[in-house]
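One structure below.
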Amino acid sequence: MSEDVRTTLQDLKNMVAAFVEERDWAQFHTPKNLAMSVSIEAAELMELFQWSDGRALEPELLERVEEELADVLIYCLAMANTAGIDLARAVKKKMEGNARKYPVDLYRGRYR
């Protein structure tokens, strides 16, 4: 069974919160700093695909993608903790809006 199945979003938020608290880093975790960190880590993820067709994930590349994607998610979780955002509610709300904005009958197999 995968960790995704066994681990809740709250478990991950708690893990990040404990890590931050143990190091007394909350003082640095302003919304601005965390937003910048999300962007920086996302750029590092994009960099892995620079100058490639972006289709194949060789084992070596997949490992690096996993690390950078984890960094992005960790900073997103830290931002949610700092801002008091219920991520599950936020994602559900956003997906409901996306469903209205991009109805299946108009967008199936299309992105425009």
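Under our numbering, read the sequence shown as residues 2 to 113, first letter to last. By construction, the Cβ of each residue, glycine as well, lies at the ideal position given by its N, Cα and C atoms. Source: prediction; values computed, not measured.
Output yes or no for whether 8 Å exceeds the beta carbon distance between residue i and residue j.
i	j	result
Ala36	Met80	yes
Val17	Leu78	yes
Ala89	Leu10	yes
Leu62	Leu46	no
Here's a check: name, in chain order, each residue in its chain whose Cβ is nearer than 8 Å to the Cβ of residue i, leaving out the five neighbours to either side.
i	result
Ala178	Residue 178 lies beyond the stretch modelled for the chain, which goes from 2 to 113, so this question has no answer here.
On the DSSP letters alone, give me the boundaries of the alpha helix (DSSP H) that residue i sits inside.
i	result
Leu62	Pro60 to Ala84
Gly55	Note, Gly55: premise wrong, no alpha helix (DSSP H); not H, not E.
Arg101	Leu88 to Lys102
Gln11	Leu10 to Glu23
Met2	Met2 -> no alpha helix (DSSP H), and no H or E assigned at all.
Going by C-alpha distance, which of the options is nearest residue i?
i	options	result
Gln51	Val21, Met16 and Val66	Val66
Ala19	Ala91, Val105, Tyr108 and Asn82	Asn82
Quick one: what's got a C-beta closer than 6 Å to residue i's C-beta in the same chain, skipping five residues either side?
i	result
Val21	Ala27
Going by beta carbon distance, what residues of the same chain come within less than 7 Å of residue i, once the five residues before and after it are set aside?
i	result
His30	Val21, Ala79 and Thr83
Contact the segment 69 to 80 vs the segment 91 to 104: 3+ CB pairs below 8 Å: no
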